[in-house]
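S.K.: Take a look at the following structure, please.
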Amino acid sequence: MYATPLAISVVILWHLLAHQATAKNDLELQFVNFTCTRGSHPNANLLASVNCGLSKNPKRRTLNMEFVLVKPLDVYDFDIVIVLPRRTQKFVVLNVTTDGCQLLSNKNQVTLLRIIREILDRYSNFPKHCPLKQDKAYNMRGFRLDLSLIPAVTIETPVYVEFSYISKQVVLFTGYIAASVQQISDKKNKKGA
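With positions in the sequence shown counted from 1, the corresponding number in this note's numbering is that position plus 47.
Right, dumping it as structure tokens:
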């Protein structure tokens, strides 16, 4: 019995995919900082409160965010920029402004945003459709990003994310996340296996 070119190709492809999956599991996203600022425009007073920060556990930092609106929000935009800094110039992974209601319902989204929205469902109480209600605390607690769910990951690099909620061309608040993709030590890897 001889190996056919198709069988050889399948074995090579399987090996490459298995190696890629293993390599992705060797990386984790470690959050360094998470802050939010309110918009400064007088019409940005739709927020009763907004709080952003990291968990207190320095070994396994997670993101926490909470905001409360004083009026229902049925039309808004969500702006997000993801940047990987480089020596010569920044590498922009994603720079998009999208309809916030479509983002909530996960319709007509860029693949990366769709994946992040699906992951966010596990960590937040954001509704699946508009409007965002007044006097309700919307939160995200204990958010961690599993890099194995992301289509492509670069090795060990800083990552900066900036996102904004915008209503009627007025920024309600902006969040800033600083993180880094880091290789998991062999000690941690063996512990998880």
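C-beta atoms are modelled at their ideal positions from N, C-alpha and C, and glycine is treated no differently. In this text the structure is predicted, and so the values were computed from the model without any measurement.
1) Have a look at the DSSP bridge pairing and note the partners of G100.
2) Cβ of I127 within 8 angstroms of Cβ of V208?
3) Could you give the distance in angstroms between the alpha-carbon of F138 and the alpha-carbon of I163?
4) Please work out which residues of its chain come closer than 6 angstroms, Cβ to Cβ, to G222, disregarding the five sequence neighbours upstream and downstream, and give them in chain order.
5) Along the chain, which unbroken stretches of the alpha helix (DSSP H) at least 4 residues long are found entirely within the stretch 141–192?
6) Can you find the residues in the same chain that come closer than 8 angstroms, C-beta to C-beta, to N92, ignoring five residues on each side of it along the sequence?
7) Relative to the C-alpha of E113, which candidate in D121, I129 and S96 has its C-alpha closest?
8) Apart from the five residues on each side of it in sequence, which residues of its chain come closer than 7 angstroms, Cβ to Cβ, to R85?
9) Jot down the residue ranges of each uninterrupted beta strand (DSSP E) in the stretch 193–226, minimum 3 residues, whole runs only, in chain order.
10) Which residues mark the beginning and the end of the beta strand (DSSP E) in which R76 is found?
11) How long is the line joining the alpha carbons of K106 and T144, rounded to whole angstroms?
12) So which of L167, R191, K183 and G189 has the shortest CA-CA distance to V115?
13) State the Cα-Cα distance for the pair F173 and R191, rounded to the nearest angstrom.
14) Starting from the C-beta of H88, find all residues in its chain whose C-beta is less than 6 angstroms away, skip the five residues before and the five after it, and write them out in chain order.
15) Anyone know if the C-beta pair for L74 and V206 falls short of 8 angstroms?
16) I'd like to know whether the C-beta atoms of N104 and M187 end up nearer to each other than 8 angstroms.
17) Tell me whether A147 is buried or exposed, calling it buried when 16 or more other Cβ atoms sit within 10 Å of its Cβ.
18) Do L159 and L179 have their C-beta atoms closer together than 8 angstroms?
19) On the criterion of 16 or more Cβ atoms from any shown chain inside 10 Å, does L196 qualify as buried, or is it exposed?
20) For the ligand NAP, any of its heavy atoms closer than 7 angstroms to the Cβ of D146?
M.R.: Let me lay it out:
1) N111
2) yes
3) 20 angstroms
4) C83, C99 and F210
5) 147–152 and 158–167
6) V117
7) S96
8) A91, L94, V97 and F220
9) 204–214
10) In the sequence on display, residue 76 carries Leu and not Arg. From DSSP, the beta strand (DSSP E) with L76 extends over L74 to R85.
11) 33 angstroms
12) K183
13) 16 angstroms
14) V217
15) no
16) no
17) Looking at the sequence shown, residue 147 is not Ala but Gly. G147 comes out buried.
18) no
19) exposed
20) This structure simply doesn't include the ligand NAP, nor any ligand for that matter.
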